[in-house]
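Visitor: Residues in the sequence shown are numbered from -18 upward in steps of one, following this note's numbering.
Glycine is no exception: its CB is placed at the ideal position from the N, C-alpha and C atoms.
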Amino acid sequence: MMIVFIALISTFIYSLSFSAFIEAETVGSSEQNIKSEYILKSLINYAAAVVNSNGAQEQKGPAKICPNQPWGIFRDGMPLPPDFYPLFGLSTEDGVEIALEITANNGGFPVGKLTGSGVDKYAETLKNLFDILGFDEDKEQDFNSRCGSKVFSPEEMVGNLIDYLDKDEKSSSGTYPGCEGELSEEKKFRNDGKISNPEELLNIPGFTWNRWNKLYPFVDISNNANQSGQISINAAKPEVLRAIDPNVVSEEDAQSIYDYIDSGENECYTNKMDLMEKTGVSDSVATALSTSPRNPITTYTNGRATFNVIARVRYAGRAAKFLQATIEKDSNSQKGSNITNPVLY
Ligand SMILES: [Ca+2]
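#1: Distance check for Ser153 and Lys94, CA to CA, integer angstroms please.
#2: Would Val132 pass as an interface residue toward chain D - the criterion being a Cβ-Cβ separation below 7 angstroms?
#3: Taking all protein chains shown into account, decide if Lys45 is buried (16 or more other Cβ within 10 angstroms of its Cβ) or exposed.
#4: Tell me, please, whether the region 84 to 104 touches the region 121 to 134 by the rule of three or more beta-carbon pairs shorter than 8 angstroms.
#5: Tell me the start and end of each unbroken alpha helix (DSSP H) in the region 177 to 229 that is at least 4 residues and wholly inside, in chain order.
#6: At the level of alpha carbons, what is the spacing between Ala269 and Val230?
#7: Looking at the structure shown, is Ile278 part of a helix, part of a strand, or coil, going by DSSP?
#8: What span of residues does the alpha helix (DSSP H) with Thr251 cover, start to end?
#9: Say yes only if the C-beta of Glu18 is nearer than 6 angstroms to one or more non-hydrogen atoms of ligand 1, and no if none qualify.
#10: Give a yes or no on whether the C-beta atoms belonging to Ser271 and Lys259 are separated by under 7 angstroms.
#11: Whole angstroms are fine: how far does the CA of Leu196 sit from the CA of Glu167?
#12: Decide yes or no for the touch test of the region 181 to 200 against the region 134 to 150: beta carbon pairs closer than 8 angstroms, at least 3 of them.
#13: Between Ile176, Thr156, Ser134, Arg127, which has its C-alpha nearest Asp147's C-alpha?
#14: In the DSSP assignment, find the beta strand (DSSP E) that holds Val290 and state where it starts and stops.
#15: What residue does the beta strand (DSSP E) around Val139 start on, and which one ends it?
#16: Since Val32 is in the alpha helix (DSSP H), which residue starts that stretch and which ends it?
#17: Would you say the beta carbon of Asn172 comes nearer than 6 angstroms to a heavy atom of ligand 1?
#18: Check whether the region 221 to 228 and the region 276 to 289 touch, using three or more Cβ-Cβ pairs below 8 angstroms as the test.
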């Protein structure tokens, strides 16, 4: 199978999303829109089959999510080659382009877990991630915050997220101060203990558009309260790996751990010793990144692996349409993949 790799950078897709939506609604003919939606749904179903396929590596037990698996070739986004068009009822004469992007969610920070006992487990790591992303010195003012116009520190952003998720209406206090107690009646948080989509973070004081754009690639919204919420060492980006213990894990350590897996040619790390052998990182680095009483939030295998999938279809001369969905792979069952949270834009 000959495949031409053309990268569709995911941030590019996201930055286009709102204008693409408006154009698609105003310019697109309704017949083409209906056809586009059908193709997009078919693409998501195809992605589910890809995610559920283990390729040459026959897997049993908890899922490992390495880009050397079949889904990995779509991880930076890829147009499907014309050989695939008949699968979707298309021919190359239709003047249409179809593309898929599949990324593993489990490497992201599970923001929805910052509630109850999750506050003790996750708050410091999230604050570290905010520092690594530069929120401690970007002087980014939130002009439209529910708590007034000001620059919120990383600690205050964590506090406001805790407030957003907890059921009470008091301000979080201590290391991570929130401002929920100051909110007027009409500005109150929903307080239902969950975050359903990434855009919802923009409701939280301190999470400005610029910060959200930087943070977006590093969060996992698919992990809601009843899920394990562990961060996969195999799927985490370097910034997330460092955030687990920035005093021990250097930028170089995190990058080499990430690069080995991201090459798409290597097997997943299976445990601390394996991580050290494959990357040459020190025992203290491997210990900091492996689950311990101090760090209970990482894992080498995932009982529940979820993927974010974006399908794109574009007719010549028309704006592209996208369908985004979460696909769950559960290698412990024979159910196959679950498709949830579809969003068309
Ligand atoms: Ca609250």
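Guide: From the atom records:
#1: Position 113 of the sequence shown, counted from the first residue, corresponds to residue 94. Position 172 of the sequence shown, counted from the first residue, corresponds to residue 153. Roughly 16 angstroms between the two C-alpha positions.
#2: Absent from the structure: chain D. Only one protein chain is present.
#3: Here residue 45 refers to the residue found at position 64 when the sequence shown is read from its first residue. Lys45 is buried by the Cβ-count criterion.
#4: no
#5: 190 to 196, 219 to 225
#6: The sequence position of residue 269 within the sequence shown is 288, counting from 1. The sequence position of residue 230 within the sequence shown is 249, counting from 1. Those two C-alpha atoms are separated by around 8 angstroms.
#7: Translated into positions along the sequence shown, residue 278 becomes position 297. In the structure shown, Ile278 sits in coil (DSSP, three-state: anything other than H, G, I, E or B).
#8: What you label residue 251 is simply residue 270 of the sequence shown in a count that begins at 1. Element bounds for Thr251: n/a, residue is neither H nor E.
#9: By one-based count along the sequence shown, residue 18 stands at place 37. No, Cβ of Glu18 sits at least 6 angstroms from all heavy atoms of ligand 1.
#10: Indexing the sequence shown from 1 puts residue 271 at position 290. Indexing the sequence shown from 1 puts residue 259 at position 278. Going by C-beta atoms, Ser271 is not nearer than 7 angstroms to Lys259.
#11: For this step, residue 167 is matched to residue 186 along the sequence shown. For this step, residue 196 is matched to residue 215 along the sequence shown. Cα-Cα distance, rounded: 28 angstroms.
#12: yes
#13: The sequence position of residue 147 within the sequence shown is 166, counting from 1. Cα-wise, what sits closest to Asp147 is Ile176.
#14: Along the sequence shown, read from residue 1 onward, the residue named residue 290 stands at position 309. Its beta strand (DSSP E) spans residues 286 to 296.
#15: Mapped onto the sequence shown, residue 139 falls at position 158. Note, Val139: premise wrong, no beta strand (DSSP E); alpha helix (DSSP H) at 135 to 146.
#16: Residue 32 sits at position 51 when you count from the first residue of the sequence shown. It spans 11 to 33 - the alpha helix (DSSP H) in which Val32 sits, taken as one unbroken run.
#17: Along the sequence shown, one-based indexing puts residue 172 at 191. For ligand 1, at least one heavy atom lies less than 6 angstroms from the Cβ of Asn172.
#18: yes
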